[in-house]
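What follows is a short report on a single structure.
There are 2 protein chains.
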Amino acid sequence: MTAQLTLAIDAMGGDFGPSVTVPAAMAAVRRHPSLRLLLVGDPAALEQALNAHGGSGSEQLIIEPATEVVGMDELPSQALRYKKDSSMRVAIDRVKSGDAAACVSAGNTGALMATARYVLKTLPGIDRPAICTTIPCLDGQFRMLDLGANVDCTAEHLFQFAVMGSVLVEAVGDAARPRIGLLNLGEEEIKGNDQVKQAAQLLQDSSLEYVGYVEADRMFRNVADLVVCDGFTGNVALKSSEGVAAMISQFLREEFQRNLLTRAAALVALPVLKALRRRLDPRRYNGASLLGLRGVVIKSHGGADQVAFEEAIETGVKEAAENIPSRIDARLGELFQRGAVE
Amino acid sequence: MTAQLTLAIDAMGGDFGPSVTVPAAMAAVRRHPSLRLLLVGDPAALEQALNAHGGSGSEQLIIEPATEVVGMDELPSQALRYKKDSSMRVAIDRVKSGDAAACVSAGNTGALMATARYVLKTLPGIDRPAICTTIPCLDGQFRMLDLGANVDCTAEHLFQFAVMGSVLVEAVGDAARPRIGLLNLGEEEIKGNDQVKQAAQLLQDSSLEYVGYVEADRMFRNVADLVVCDGFTGNVALKSSEGVAAMISQFLREEFQRNLLTRAAALVALPVLKALRRRLDPRRYNGASLLGLRGVVIKSHGGADQVAFEEAIETGVKEAAENIPSRIDARLGELFQRGAVE
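Those sequence lines, one after another, are chains A and B. Every letter in the first sequence is one number past the one before it in our numbering, and letter 114, counting from 1, is 114. Counting from 1 along the second sequence, just add 342 to a position and that's the residue number in our numbering.
See below:
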């Protein structure tokens, strides 16, 4: 990143608020000398966090006042209607006004999606925004969407997700021509529900690199750069994966703590276990993209620590620098032979 | 098990056929002196396998001829129409005729489901059979259904799955009053699709022990004895879990093989790694139940080895001994205040 870039940070969001968002923001501006971050939230709390971490006086960090905070369990409709001066809302407003090129929030997912959709609007040709994240797999990583924004999806929605996700992977991922798979309960043509079968047809007929159905276990063997599914299924796939990984970690801990001998073994195996933990560290993959909006919005995990929130900011920086929304808009224009709108 | 019991084994099914099914059957009859197994398939191949493993002459093992085998990739409709003398079909026919109290097959899932449904029929009040299996979790295990038989499900179907699964857990599981959870993308009331929301209402209004929505990561923390979902979602949850577990195993292997030091650590940690593998060993959980039919049908993993297939036979023995289908029928009768039909 060389050009000047400004991002709006919902500095009050997430389980830990400024105690995490402020030091993460400080680390981000140290890494990117031309980056400016608007820290949106309660000025007193933000000043205090800046002072506590020795970050006062940086010209790259600008406090942007907002008097309210959206609760982690607040209903999205309530947040949208009654919290017009929340740190989340003001951060998104800054994207809308053009003062910021992206917004990063660790707040309530539903409220973030509802507010971003209301304020920024979707791109022409996109019915619904989707949530996309990066997931580690053997020999690499893949991206998956939707992860919970849309519980019921038509074939057209799934196709739109594929378009948006492939633009993202092209721009900020590892694949120039992303392999797109449709999540299904088998690889055979005859399997799956009607939406998935029709989406397969749409993808086959398009110029995208469609590689067919992907069964959920094969996602982790690097068979696709992008896995497309409805939000219900995607959420279940992601959460099942997280649940099993946590269970295996717990089993490993228990087995290594069983007796003196196994505790000694744990000491010997420590570098290996650390390497394993590093490879699976969810913090390295923090920062999900809300795709399909007229602006870049990044959702950090609510329980993110400083390292994880830094990663979410980094995701925002990359997507803003690449201007993902206008790339998606251009791609939709090509696919549907219309002029770009934005 | 004390009473005499006869099971029909599709001895040609699965990736390995008689080389796995025959020694597994021999081990099962050794464990249960009053168990008889009908080994259904090609008599020559079965005789040969029996001789090879020293199992000829056992009065508990009876060869039952069948001239055909259903291919692992064969279309269910084709198998049903054209392979009327397949080992799978004949094994199911023996359940229908009352000669066997259960059928165990490692064959093609779709063909097994289609044939079992056609031959045995569903219980009154059950629209669709479902596939149910046991999954390990922290401090125990849980059962989950449906795992792929039904891609689209109404609320009523989900409710039927809950009834069938809870009868199974009561009879052969660990819980006298199984906690039933509905798989959803969040624990809040407002989340989920319409089918799931309506199924929640049906469960709340019933006498079953409904514990609410369960998010996929929490399944692995022993929050429910039975997790209910449609077959598409269930398949994705199960396969995602398997994929992540396989990936973590692979990462562990790679990290332990990285250099001389880590290889030495692997030697020291070997008992721990073996204990971990034992706890996660999918063979211990082999044998999925096709619930909702007028007979016990157990589906073994196609790639099952002898230990795994033995476990599937064991599942069949338990469910036959408890007569799960008539228990389900009786429960449906209670719930809908009708006389038991079977």
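Where a beta carbon is used, it is the ideal one built from N, C-alpha and C, also for glycine.
Asked	Found
Using beta-carbon positions only, say whether LEU674 of chain B and ILE468 of chain B come within less than 9 Å of one another.	yes
Note down, one range per segment and in chain order, each alpha helix (DSSP H) of at least 4 residues found wholly within the region 27-65 of chain A.	43-52
Answer with buried or exposed for LYS616 of chain B, where buried requires no fewer than 16 other C-beta atoms within 10 angstroms of its C-beta.	exposed
Mind listing which residues of the region 154-177 of chain A have their C-beta closer than 7 Å to chain B's C-betas, in chain order?	none
Quick one: grab the DSSP three-state call for GLY17 of chain A.	coil
Buried or exposed: which applies to GLY231 of chain A, given that a residue is buried once 16 or more other Cβ atoms fall within 10 Å of its Cβ?	buried
With DSSP run on the structure shown, which of helix, strand or coil describes MET144 of chain A?	strand
Is it buried or exposed, ARG81 of chain A, if we count other Cβ atoms within 10 angstroms and call 16 or more buried?	exposed
For the beta strand (DSSP E) containing THR476 of chain B, name the first residue and the last one.	472-479
If we define contact as Cβ-Cβ less than 9 Å, is THR21 of chain A a contact residue for chain D?	You won't find chain D in this structure, because its protein chains are A and B.
Among A:PHE256, A:GLY192 and A:PRO23, whose alpha-carbon lies nearest the alpha-carbon of GLU215 of chain A?	A:GLY192
Could you give the residue range of the alpha helix (DSSP H) that holds ILE468 of chain B?	Taken as a continuous stretch (DSSP letters only), ILE468 of chain B belongs to no alpha helix (DSSP H), as it is neither H nor E.
Smallest Cα separation from VAL296 of chain A: which of A:ARG327, A:PHE336, A:HIS53 and A:ALA304?	A:ARG327
Where does ARG30 of chain A land, buried or exposed, given buried means 16+ other C-beta within 10 angstroms?	exposed
Beta carbons nearer than 8 Å to chain A: which residues of the region 554-567 of chain B have them?	GLU557, ALA558, ASP559, ARG560, MET561, PHE562 and ARG563
Which of the three DSSP states is assigned to LEU291 of chain A in this structure?	strand
What are the residues that DSSP puts in a beta bridge with ASP10 of chain A?	A:VAL40 and A:SER105
Would you verify that the beta carbon of GLU653 of chain B is, or is not, closer than 9 Å to some beta carbon of chain A?	no
Going by C-alpha to C-alpha distance, which of B:MET414, B:GLU676 and B:TYR555 sits closest to HIS643 of chain B?	B:MET414
With contact counted as at least three CB pairs below 8 Å, one residue from each stretch, are the region 191-211 of chain A and the region 126-142 of chain A in contact?	no
Could you pull the start and end residues of the alpha helix (DSSP H) that VAL268 of chain A belongs to?	260-280
Which residue marks the beginning of the beta strand (DSSP E) containing GLY165 of chain A, and which one marks its end?	No beta strand (DSSP E) holds GLY165 of chain A; the alpha helix (DSSP H) holding it covers 155-172.
Tell me, to the nearest whole angstrom, how far the beta carbon of ASP567 of chain B is from that of VAL511 of chain B; I am working on the premise that it is less than 8 Å.	5 Å
Got a sec: is the Cβ-Cβ distance from PHE593 of chain B to anything in chain A below 9 Å?	yes
With 9 Å as the threshold, decide whether the Cβ of ALA130 of chain A is near any Cβ in chain B.	no
Run through chain A and tell me which residues come within less than 8 Å of PRO613 of chain B, C-beta to C-beta.	LEU261, THR262 and ALA265
Would you mind working out which of B:ALA646, B:LEU622, B:ARG636 and B:ARG625 sits nearest ALA444 of chain B, comparing C-alpha positions?	B:ARG636
Quick one: what's TYR213 of chain A bridged to in DSSP?	A:LEU182
Going by DSSP, name the residue or residues bridged to THR299 of chain A.	In the sequence as presented, Thr is not what sits at residue 299 of chain A; that position holds Lys. According to DSSP, which records beta bridges pairwise, LYS299 of chain A is partnered with A:SER105 and A:ALA288.
Buried or exposed, going by whether 16 or more other CB atoms sit within 10 Å of the CB of LEU284 of chain B?	With chain B covering 343 to 684 only, the question about residue 284 of chain B has no answer from this structure.
Thinking C-alpha only, which one of A:ARG279, A:ALA3 and A:ALA27 is nearest ASP139 of chain A?	A:ARG279
Kindly indicate which three-state DSSP category GLU242 of chain A falls into: helix, strand or coil?	helix
Measuring only the C-alpha atoms, how far is ARG605 of chain B from PRO624 of chain B?	26 Å
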